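**Student:** This is the structure I have questions about; it appears just below.
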Amino acid sequence: MGKFDFRRIIDRDNNIAQLLIITLVIFATMSFLEPSRFLRYYNFESISFIFPELGILAIAMMLAMLTGGIDLSVIGVANLSGILAGVFFTRIMVAEPGATGLEEVMRVGSGALLAMMVGLIAGLINGLLIAKTKITPILATLGTGQIFVGLCVVLTGGPAITGFPAYWGMIGNGKVFGIAAPLVLFLLVAITIALVLTRTPFGTKLMLIGTNPRAAVFAGLRSERMIILSYMTTGVLASIAGIMLSGRTNAAKSDYGTSYLLQAVLIAVLGGTNPAGGRGTVLGVSIAVIALMLLSSGFQMMRFSNHLIDFIWGAFLLIVIAINAFRNRAR
Amino acid sequence: MRLPAFLHRSEAAVALVLLAAIVIIGAINPAFWQPDNIFNLVRANVVIGIMALAVLLVMISGGIDVSFPAFAAAAMYLTVIAMNHFGYQGVVLPFIAATLIGAFCGLLNAVFIHTFRMIPLIVTLGTASVVRGLLLGLVGTSIVNIDRMPQSLIGFGRSTVSIAGSQLTLMIFVYLGLAVLVWLFLTRTMLGRGLHAYGGDPESARRVGFPTRRIVYAVYIAAGALAGFAGLLHASMIWLANPRDFVGYELDVIAAVVLGGASIFGGRGSVLGTILGVALLVLIKNSLIILRVDNTWQSVVVGAVIVVATAVTALRDRRKAKAGS
Amino acid sequence: MQAPLIELTSITKRFPGMTALNNVDFSIEPAEIVCLAGENGSGKSTLIKVLSGIYRPEQGRLVFDGEEIATLSPREAIARGVQVIYQDFSLFPNLTVAENLALSRFLGEKRQLMNRAEARRIGQEALDRLGVSIDLEAEVGSLSTADRQLVAIARALMSPVRLLVMDEPTTALTGREIDRLFALVREIKAKGIAVLFVSHKMREMLEISERIVIFRNGRKVAEGSTADFTEGSITKAMTGQDIGGERYEGPASDAPIRLAVSGLSVPGRVEDVSFSLRSGEIVGLSGLLGSGRTELALALFGLSPDHGGRIEIDGHAIEAKDVNAAIDAGIAYVPEDRLSEGLFMTQSIARNINAGVIDRLSSGPFVDKTAFSQAAEDTVSSLRIATPGIEKAVGLLSGGNQQRVVIGRWLQTGPKVLILNGPTVGVDVGSKAEIHRQLRKLAVENGLAVLMISDDVPELIQNCNRILLMHRGRLIDEIQAVGVEEDDIHARLKGLD
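Residue numbers (the working numbering), protein chains in the order written: chain A, 325 to 655; chain B, -12 to 312; chain C, 314 to 810.
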């Protein structure tokens, strides 16, 4: 693996170049319009706490799209993970007065493992329905997503679960060497998934399966197993996002982050993922999530309401679709 | 064993399941048979049913639509706000306005799906966000409640006919009337048959000379129009207009259409099947209480119904694929 | 002499990276049966699409009935009487026969409403005109291929057609069905309709046409009255070279048996098939489409888990329960449709070559990049794949090079038995010879047993030791290739029904 050559990355994928330009334009525009508030350190710091949840969900969405699928259940999985962890902390392994720090860390660790098990099992169910029963991914994950949301409602009865341990809050609000803990977690996840996709046999096979599922069968790629594994990975990523969300807000609820679903799809597509399968990079998705975060933080400073920011995200998606359509036509 | 031909149609299967569900629920709790309960169920069919007709059109074309709840909310809220603004009391004009607003939103879908050739799911996610965002961000977020709701709409929405001492909403006839219109469109017009042809094989439809562009535009505009109409109808039936309404409807409606036998790959689906699918979904959702199941289980049950129904369909299609070709 | 019905002059149509039609002239007269011949990729299909208004040529003149047309739209083409029956028939599987027939008429009349009774009447008339009976209320998806073709022909003849174009109409038909089709074509001609028959089967061209036009690499290379052509001269014009050459000798008759199949059955597809292949043998497998030859291959490759019978490799029974079991047992399969089943078009050549051995080219959790590139480079050079680099997308290669990529993939898994389904379909002539040469080399040097499924009789005779014929799921004949002539095999195939 030679030294990091930026030019080569851009040459290989001019989508990345386009994204970088978009990001720079957004950055420059916002800096120009709101220099006093936008360019403050505090602004970037708060972005670094908020965007990782969404970034991880978008990477999860990209993984599902790589095989030509989609996972509409990610939000359900994220919330279910947070809620089950909450149930675990408040009803099963309740904090003991005078517990040592180590015991608390153990407790938080088991909660996190439990939450990720939720994602693993949810992903396994999705994968089995899609790869074995051959249900279209849209419908399968629409249905399971509804079930997961339903289980959230059943578990909480409606209101949010609160009372997470202090260490759990650190995952969402803490700092590691002065860097936001969620950002550190995001970087770990992003680098891991990027390595998995570009360097491992699993990633290579996923790309091939996504490019041509039929040829994958004839090449003996064990597509079913790979697709199930990819949805399991998606599920685990969704539950990591759920952990971060519940950690940051110190609460878990059945309808948290519902607007994240659209945003995750948007970021994945914007990041150069082909929803028909076979193409997508972690780098693209990461740049896209940062671009959109800069965009919405800038608009927030200009006192745009959250609803208008939803509008801008949707409009952004449609504009990018239009631009790509024109670019493909020109080619 | 060979079944009679009509039983091979997916409508027959849905009808049988629906019948079985009615008998079972009625047996568990005879309160089910009270006219009030049955009329309430019928009432709950109306709005979801009209939206399901919209989704049916889109699905026959081989697409999928998750934007109709946003369109319905926009058409409803804008119309009601405008009526209040102008102090207008009437029924026909507002419904025309709501339908047109929906149709305009549908046009937006058509442009992106046909002209820019993007996957319908992603386009409609985007347009939903755009429309809902504009509505809430620019028009307002406050609910128009019964005090400020135009009386003409309330009067229209509450019109009923008395049967056996219980009130059956007349809106069911509006729904069935629209269903007949959609059915006539699908089976008796060239555009409707072209829609089936396009959904069956878009490339061939182009070659044979079907106006594919017009078909795609017609489908999404009609779907938007139906959604807009359903939105205002909903407001007049519940006597309030909430711009945040219809969130999550896409799940129920798509589930109902799939239950009714429409194929997500296009080319297949019927109005009768959709009506039955809607009836089945509404029945299951609304009978949990009668079955003494806690209402918090509603989403789980609906999700399970979607998964089971799609799994059965997928298995059936695979068996068919094996037997054929 | 009459004025031509259609006259195209100096038509050029380019696509990114290739010129599909290069300065081509073409004309057809009323009630003329013309055969358009050429190998895959020669420009035949492009010409059809120009005629039917789907493609707009960059340059050239289109004259219909002496009237020049600036831009021909599909609608305009239909209005002027051009009807094309594509290989896939362009029918709607989810609609009934009556609707499939009547809808295009209604479209032509710019109707807005659909009248079912009238559709049935129109459908009945259309079928009566052809003298065939098909259930009008049946969904087209449930019909046999021959019946679907009849529906497509009936549909085409409903409009005021003046030129009927048929793209490879005989591919999926049995001998008797072909005879019936030809009789129909002559009737159509008798009505004053011109027929453009697109084919690459020489016997059919000579039997049905009055004039033959031959394309090669986007150019018209020969044209003339059918009487002036022989099979040899057509082939030469199509391929640009004489065929013939040496026949494959094959191994000694006591070479060890690699693959032994006994009593293989796939429910409803293949019945009780038994044969064996020796190391170094190339054995042909032919038969009509739907004869079960592809299903036989798929069963050997583990894609029909419900098959019965016994498969042995090197004397050991194997369980072909899925693709990976078959691959592990040493079976490799080059599928029929390279584009949809063989290749990952937008992925790199290296990935396409190594797709079957990714795990083996890994160390620890990661793919070993050096080994990965090396394996791909080795395959590229040993199979002489012409490419600027292994990182280029495989979709950029020519058909012949793409096919070598698929073959190369299988050489990496170390197979004992190589099954190729249509190994040179859509491959240009030079590449074809090279692929044949390499297959022979693999058989001789690596001791592979090769099963070659093909329609191309000269290819079979030239490369195989024996040729197996299948019909209706059964193995009906085994022909020693030594001394056999093409005619013998054609006669055997033609007699099947």
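From the three backbone atoms N, C-alpha and C, an ideal C-beta is built for every residue, glycine too.
Predicted model, so just to flag it, every value in this text is computed and none were measured.
1. Identify whether R(-11) of chain B lies in helix, strand or coil by the three-state DSSP scheme.
2. Just the chain B side, please: which residues come within less than 7 Å of Q624 of chain A by C-beta, in chain order?
3. Going straight from the alpha carbon of L761 of chain C to that of Q342 of chain A, what length do you get?
4. Count the other CB atoms within 10 Å of the CB of Q76 of chain B; is the residue buried (16 or more) or exposed (fewer)?
5. So, using beta-carbon positions, are L733 of chain C and V647 of chain C closer together than 8 Å?
6. Name the DSSP beta bridge partners of E784 of chain C, please?
7. Going along the chain, which unbroken runs of the alpha helix (DSSP H) with 4 or more residues stay wholly within the segment 534 to 566 of chain A?
8. Within the 8 Å Cβ cut-off, does F679 of chain C reach chain A?
9. Mind checking the segment 528 to 562 of chain A against chain C and listing, in chain order, the residues whose C-beta falls within less than 7 Å of any C-beta there?
10. Report all residues from its chain with a CB closer than 7 Å to the CB of L696 of chain C; omit the five preceding and five following residues, and keep chain order.
11. Taking 8 Å as the threshold (C-beta atoms), are S578 of chain A and I371 of chain A in contact?
12. Do V583 of chain C and G444 of chain C count as a contact pair if the criterion is CB distance below 8 Å?
13. Taking DSSP as the reference, what is the three-state secondary structure of R145 of chain B?
14. Quick one: which chain C residues come within Cβ less than 8 Å of T176 of chain B?
15. Taking the Cβ atom as the reference point for each residue, do F528 of chain C and L349 of chain C lie within a distance shorter than 8 Å?
16. Would you list the one or two residues that DSSP bridges to R374 of chain C?
17. Where do the ends of the beta strand (DSSP E) carrying L476 of chain C lie?
18. What residues in the segment 47 to 65 of chain B have a beta carbon less than 8 Å from any beta carbon of chain A?
19. Terminal residues of the continuous alpha helix (DSSP H) containing L764 of chain C?
20. Quick check on W20 of chain B: buried or exposed, where buried means 16 or more other Cβ atoms within 10 Å of its Cβ?
21. Between the segment 513 to 524 of chain A and chain C, which residues of the former have CB atoms less than 7 Å from a CB of the latter, in chain order?
22. On the criterion of 16 or more Cβ atoms from any shown chain inside 10 Å, does V795 of chain C qualify as buried, or is it exposed?
23. Taking the alpha carbon of T573 of chain A as the reference point, which residue from A:L590, A:T558, A:M494, A:I399 has its own alpha carbon closest?
24. Find the nearest neighbour of G544 of chain A within the set C:L470, C:D338, C:L611, C:G677, judged by alpha-carbon distance.
25. Per DSSP, G796 of chain C is paired with what?
26. List the residues of chain B whose Cβ lies closer than 9 Å to the Cβ of N759 of chain C, in chain order.
27. Using 8 Å as the limit for Cβ to Cβ distance, is I407 of chain A near chain B?
28. Closest to E358 of chain A by CA distance: which of A:G422, A:M556, A:L509, A:M626 is it?
29. Starting from F368 of chain A, trace the alpha helix (DSSP H) in both directions and tell me its first and last residue.
30. Under 8 Å between C-beta atoms, does F197 of chain B make it to chain C?
31. To the nearest angstrom, report how far apart L594 of chain A and A212 of chain B are at their CA atoms.
32. What are the residues that DSSP puts in a beta bridge with M629 of chain C?
33. Closest Cβ-Cβ distance between F328 of chain C and chain B: below 8 Å?
34. Taking the straight line between their C-alpha atoms, what separation do you get for Y580 of chain A and F373 of chain A?
35. State yes or no: is the beta carbon of V313 of chain B nearer than 8 Å to at least one beta carbon in chain A?
36. If contacts are defined as beta-carbon pairs under 8 Å, then A539 of chain A and E654 of chain C qualify, I think. What distance do you get, rounded to the angstrom?
**Tutor:** A quick look at the data gives this:
1. What you label residue -11 of chain B is simply residue 2 of the second sequence in a count that begins at 1. For R(-11) of chain B, the predicted structure reports a pLDDT of 42, less than 50, and the residue's modelled location is therefore unreliable. A value from the coordinates is still provided. If DSSP states are grouped into helix, strand and coil, R(-11) of chain B belongs with coil.
2. Within the first sequence, numbered from 1, the residue matching residue 624 of chain A stands at position 300. Those within 7 Å of Q624 of chain A in chain B number zero; the least Cβ separation is about 12 Å.
3. As a first step, residue 761 of chain C must be located in the third sequence, where it is residue number 448. As a first step, residue 342 of chain A must be located in the first sequence, where it is residue number 18. If you take the alpha carbons of L761 of chain C and Q342 of chain A, they lie about 50 Å apart.
4. On the second sequence, residue 76 of chain B is found 89 positions in, with the first residue counted as 1. Exposed: under 16 other Cβ atoms inside 10 Å.
5. Translated into positions along the third sequence, residue 733 of chain C becomes position 420. Translated into positions along the third sequence, residue 647 of chain C becomes position 334. Contact: yes.
6. Your numbering for residue 784 of chain C matches position 471 in the third sequence. Per the sequence shown, residue 784 of chain C should be read as His rather than Glu. DSSP, once it has assigned bridges, lists C:R787 as partnering H784 of chain C.
7. 537 to 542
8. Counting from one through the third sequence, the residue named residue 679 of chain C turns up at place 366. Yes, contact with chain A.
9. T528, K529, M531, L532, T535, N536, R538, A539, V541, F542, A543, G544, L545, R546
10. For the purposes of this step, residue 696 of chain C is taken as the residue at position 383 of the third sequence. Contacts found: R717, I720, G721, Q751.
11. On the first sequence, residue 371 of chain A is found 47 positions in, with the first residue counted as 1. On the first sequence, residue 578 of chain A is found 254 positions in, with the first residue counted as 1. The answer is no: Cβ separation not under 8 Å.
12. Here residue 444 of chain C refers to the residue found at position 131 when the third sequence is read from its first residue. Here residue 583 of chain C refers to the residue found at position 270 when the third sequence is read from its first residue. For G444 of chain C and V583 of chain C, no; Cβs fall outside 8 Å.
13. Residue mapping note: residue 145 of chain B aligns to position 158 of the second sequence, counting from 1. Correct three-state label for R145 of chain B: coil.
14. The count along the second sequence starts at 1 and reaches residue 176 of chain B at position 189. What T176 of chain B touches in chain C: Q425, L426, M427.
15. On the third sequence, residue 528 of chain C is found 215 positions in, with the first residue counted as 1. On the third sequence, residue 349 of chain C is found 36 positions in, with the first residue counted as 1. Contact flag set, yes.
16. As a working mapping, residue 374 of chain C is identified with position 61 in the third sequence. For R374 of chain C, which the question treats as bridged, DSSP gives the partners C:T322.
17. Your numbering for residue 476 of chain C matches position 163 in the third sequence. Element bounds for L476 of chain C: 476 to 480.
18. I51
19. Here residue 764 of chain C refers to the residue found at position 451 when the third sequence is read from its first residue. First-last for L764 of chain C: 762 to 766, but that is the beta strand (DSSP E), not the alpha helix (DSSP H).
20. By one-based count along the second sequence, residue 20 of chain B stands at place 33. W20 of chain B comes out exposed.
21. R523, T524
22. Numbered from 1 along the third sequence, position 482 holds the residue referred to as residue 795 of chain C. Exposed, by the Cβ-count rule.
23. Residue 573 of chain A sits at position 249 when you count from the first residue of the first sequence. Considering only alpha carbons, the answer is A:M494.
24. Position 220 of the first sequence, counting from 1, holds the residue named residue 544 of chain A. G544 of chain A has its Cα closest to that of C:L611, out of C:L470, C:D338, C:L611, C:G677.
25. Looking up residue 796 of chain C in the third sequence gives position 483. BP columns for G796 of chain C are empty, so no partner.
26. For the purposes of this step, residue 759 of chain C is taken as residue 446 along the third sequence, with counting starting at 1. Residues of chain B passing the Cβ test: none, with the nearest at roughly 35 Å.
27. As a working mapping, residue 407 of chain A is identified with position 83 in the first sequence. So no, I407 of chain A is outside the interface.
28. Numbered from 1 along the first sequence, position 34 holds the residue referred to as residue 358 of chain A. Of the candidates A:G422, A:M556, A:L509, A:M626, the one whose C-alpha sits nearest the C-alpha of E358 of chain A is A:M626.
29. Translated into positions along the first sequence, residue 368 of chain A becomes position 44. Its alpha helix (DSSP H) spans residues 365 to 390.
30. Here residue 197 of chain B refers to the residue found at position 210 when the second sequence is read from its first residue. Closer than 8 Å: yes.
31. Position 270 of the first sequence, counted from the start, is the residue given in the question as residue 594 of chain A. Position 225 of the second sequence, counted from the start, is the residue given in the question as residue 212 of chain B. The alpha-carbon atoms of L594 of chain A and A212 of chain B are separated by roughly 30 Å.
32. The sequence position of residue 629 of chain C within the third sequence is 316, counting from 1. Note that residue 629 of chain C corresponds to His in the displayed sequence, not to Met. Answer by DSSP bridge pairing, in chain order: C:I626.
33. Locating residue 328 of chain C in the third sequence gives position 15, counting from the first residue. Output row for F328 of chain C: interface = no.
34. Taking the first residue of the first sequence as position 1, residue 580 of chain A is located at position 256. Taking the first residue of the first sequence as position 1, residue 373 of chain A is located at position 49. Whole-angstrom Cα-Cα distance: 17 Å.
35. In this structure chain B extends from -12 to 312, so residue 313 of chain B is not present and cannot be described.
36. Residue numbering aside, residue 539 of chain A sits at position 215 when the first sequence is read from its first letter. Residue numbering aside, residue 654 of chain C sits at position 341 when the third sequence is read from its first letter. Rounded, the Cβ-Cβ distance is 6 Å, consistent with contact.
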